[in-house]
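Enquirer: Residue numbering for the sequence shown follows my numbering, starting at 43 and increasing by one per position. From the three backbone atoms N, C-alpha and C, an ideal C-beta is built for every residue, glycine too. None of these values were measured; they are calculated from a predicted model.
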Amino acid sequence: MIDQMSLPTADSVVFRKRPRPVPGDLRIAWRLTVVILILGYCQKNKASLPKLHLLSNALKDSESMDRLSRILDGSLSVMAWKVSVEPALGRALDLARGEKLVVFESNASYRLSDKGEATLRMVMGDDLVLTEQKAFLLKYAKSITNTFINKLVRVQAGAAP
Numbered sequence: 043m044i045d046q047m048s049l050p051t052a053d054s055v056v057f058r059k060r061p062r063p064v065p066g067d068l069r070i071a072w073r074l075t076v077v078i079l080i081l082g083y084c085q086k087n088k089a090s091l092p093k094l095h096l097l098s099n100a101l102k103d104s105e106s107m108d109r110l111s112r113i114l115d116g117s118l119s120v121m122a123w124k125v126s127v128e129p130a131l132g133r134a135l136d137l138a139r140g141e142k143l144v145v146f147e148s149n150a151s152y153r154l155s156d157k158g159e160a161t162l163r164m165v166m167g168d169d170l171v172l173t174e175q176k177a178f179l180l181k182y183a184k185s186i187t188n189t190f191i192n193k194l195v196r197v198q199a200g201a202a203p
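Structure representation (C-alpha cells):
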C-alpha cells in the first residue's frame, strides 16, 4: 500500500515551461523539403518508398551521408548501414500528397507534381539551404538502384547478399 504522506499534493507540484529544441530531422518542414529534394535529384523526379527511406536516413547528418557514400564507393561493407523505416517520413509524404507536391504512382513510387517541381526550383535557388544534402544527392541519388536497396535489406535480414 502506498503511504499517503509520500505522494505529492497538488500544491507542491510545479510545472515550468522550458525551451527544448526539436532536432532538425524531426521538424516536418525539414523533412518535407528533404522529400522534395530527394525526388528532384532522382531519375524522372521519382523514387520508390525504400529509396526515399534510405536517402532520408542518410541525409539526417554528415556521419550518415559519409557512411552511405563509403558503402556506395565500395570502401565500407553494406553491413555498416542500419536499415530503418521512420514514421516521420511517412507523415511528410502524407503532407506532401495533401499539399499536391507529390503524386503516388501505381508502381508504388512517388513523383514530384508540377507544384512540387516549382517548390523544388525555389529550394534549389537558395544556395544556403541544405547545401551538404544537395551535394550528396547530386553525387549519389541517381546511382542508387532498387537492386542496391534490396541488397541492403537482404544483408540486414541475414540473407546472403
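So if DSSP puts Ser151 in a beta bridge, which residue, or which two residues, is it bridged to?
Expert: Working through the sequence shown from its first residue, we reach residue 151 at position 109. Answer is Ser90, bridged to Ser151.
Enquirer: I think Lys157 touches Leu79, with their Cβ atoms under 8 Å apart; what is that distance to the nearest whole Å?
Expert: In the sequence shown, residue 157 corresponds to position 115, counting from 1. In the sequence shown, residue 79 corresponds to position 37, counting from 1. Not a contact, Cβ separation roughly 15 Å.
Enquirer: Decide if Asp56 is buried, meaning its Cβ has at least 16 other Cβ atoms within 10 Å, or exposed.
Expert: Here residue 56 refers to the residue found at position 14 when the sequence shown is read from its first residue. Per the sequence shown, residue 56 should be read as Val rather than Asp. It is exposed - the Cβ of Val56 has fewer than 16 other Cβ atoms within 10 Å.
Enquirer: Does the pairing of the segment 139–157 with the segment 111–129 give three or more beta-carbon distances under 8 Å?
Expert: The answer is no - the segment 111–129 does not touch the segment 139–157, with fewer than three Cβ pairs under 8 Å.
Enquirer: By Cβ distance, which residues of its chain are closer than 6 Å to Leu118, with the 5 residues on each side in sequence left out?
Expert: Indexing the sequence shown from 1 puts residue 118 at position 76. Once the five neighbours on either side are set aside, the close Cβ partners of Leu118 are Arg112.
Enquirer: Identify which residue in Thr51, Ala199 and Leu194 has its Cα closest to the Cα of Trp123.
Expert: Here residue 123 is taken as the residue at index 81 of the sequence shown, counted from 1. Considering only alpha carbons, the answer is Leu194.
Enquirer: Note the first and the last residue of the continuous alpha helix (DSSP H) segment covering Phe57.
Expert: One-based indexing of the sequence shown puts residue 57 at position 15. First-last for Phe57: undefined, no H or E at that position.
Enquirer: When we look at the beta-carbon of Phe178 and count the other beta-carbons within 10 Å, is it buried (16 or more) or exposed?
Expert: Counted from its first residue, the sequence shown places residue 178 at position 136. Phe178 comes out buried.
Enquirer: Do you know offhand how far Arg60's Cα is from Leu180's?
Expert: As a working note, residue 60 is residue 18 in the sequence shown. As a working note, residue 180 is residue 138 in the sequence shown. Approximately 40 Å between the Cα atoms of the pair.
Enquirer: Can at least three beta-carbon pairs, one atom from the segment 90–100 and one from the segment 159–170, be found at a separation below 8 Å?
Expert: Output reads no: the segment 159–170 does not touch the segment 90–100.
Enquirer: Compute the distance between the beta-carbons of Gly82 and Leu131, then report whether it is under 8 Å.
Expert: Within the sequence shown, residue 82 is the residue found at index 40, counting from 1. Within the sequence shown, residue 131 is the residue found at index 89, counting from 1. No. Outside cutoff.
Enquirer: Who are Phe146's beta bridge partners in DSSP?
Expert: Position 104 of the sequence shown, counting from 1, holds the residue named residue 146. Answer is Tyr152, bridged to Phe146.
Enquirer: Quick one: what does DSSP say Asp136 is sitting in, helix, strand or coil?
Expert: Start at 1 with the first residue of the sequence shown, and residue 136 comes out as number 94. Three-state DSSP puts Asp136 in a helix.
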